[in-house]
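Everything in the sequence shown is counted per the working numbering, starting at 5 for the first residue and increasing by one.
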Amino acid sequence: MTMLPRFHLAVPVDDLDAARRFYGELIGCAQGRSSDRWIDWNLHGHQFVTHLAPSRREEQAHNPVDGHDVPIPHFGLLLTIPEFHKLADRFREAGVAFVIEPYLRFEGLPGEQWTMFLLDPAGNALEFKAFADDSQVFAV
């Protein structure tokens with residue numbers, strides 16, 4: 005069987021139960037293997053792991069993009085536009101605070117995309133975005 009390239013990403017969290025609620029229940033990732041120190045998640049076919057690391061991290065850095073302060077580091081997922089809006093609605097209904105509210109970035113320009121930023125319960129910055137035209141993902 006040939007597998008498409010997949011990424012593996014591990015992030016620190018300070019509460020595995022909060023990670024289960026956020027990544028499993030709210031975002032809808034299927035849980036894989038786990039221990040009392042980590043949980044594997046299926047993030048749209050990619051292996052995403054939350055590792056228990058209770059120490060606090062440094063203050064979040066930011067870079068300006070399209071008039072917003074984008075948190076770095078961050079990671080995220082490219083979704084379809086309907087998936088993007090459905091997830092944004094789920095975040096709103098759950099009372100999740102956005103770092104950058106969902107909006108249409110670079111409107112009418114190469115790379116036009118819907119984007120939103122938020123923090124998980126451990127303070128990891130997440131970006132979710134959606135392109136009307138996937139050929140524009142790497143447009144210059």
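Even for Gly, the Cβ is constructed at its ideal location relative to N, Cα and C.
Discussion item. Do phenylalanine 121 and phenylalanine 95 have their beta-carbon atoms positioned less than 8 Å apart in this structure?
Written reply: Within the sequence shown, the letter at position 91 stands for residue 95. Within the sequence shown, the letter at position 117 stands for residue 121. No, these two residues do not count as a Cβ contact at 8 Å.
Worksheet item: Since proline 68 is in the beta strand (DSSP E), which residue starts that stretch and which ends it?
Response: Position 64 of the sequence shown, counting from 1, holds the residue named residue 68. That run of the beta strand (DSSP E) goes 65-69.
Item to complete: Check the C-beta distance from alanine 134 over to glutamine 117 and give it rounded, since I have them as a contact under 8 Å.
Response: For this step, residue 134 is matched to residue 130 along the sequence shown. For this step, residue 117 is matched to residue 113 along the sequence shown. At roughly 6 Å, the Cβ-Cβ gap stays under 8 Å, so alanine 134 and glutamine 117 are in contact.
Worksheet entry | For valine 69, the nearest candidate out of Thr119, Ala143 and Pro9 (CA to CA) | Position 65 of the sequence shown, counted from the first residue, corresponds to residue 69. If we check each option's Cα against that of valine 69, Thr119 comes out closest.
Worksheet item: Is the CB-CB distance between leucine 56 and tryptophan 42 below 8 Å?
Response: Along the sequence shown, one-based indexing puts residue 56 at 52. Along the sequence shown, one-based indexing puts residue 42 at 38. Cβ atoms of leucine 56 and tryptophan 42: closer than 8 Å.
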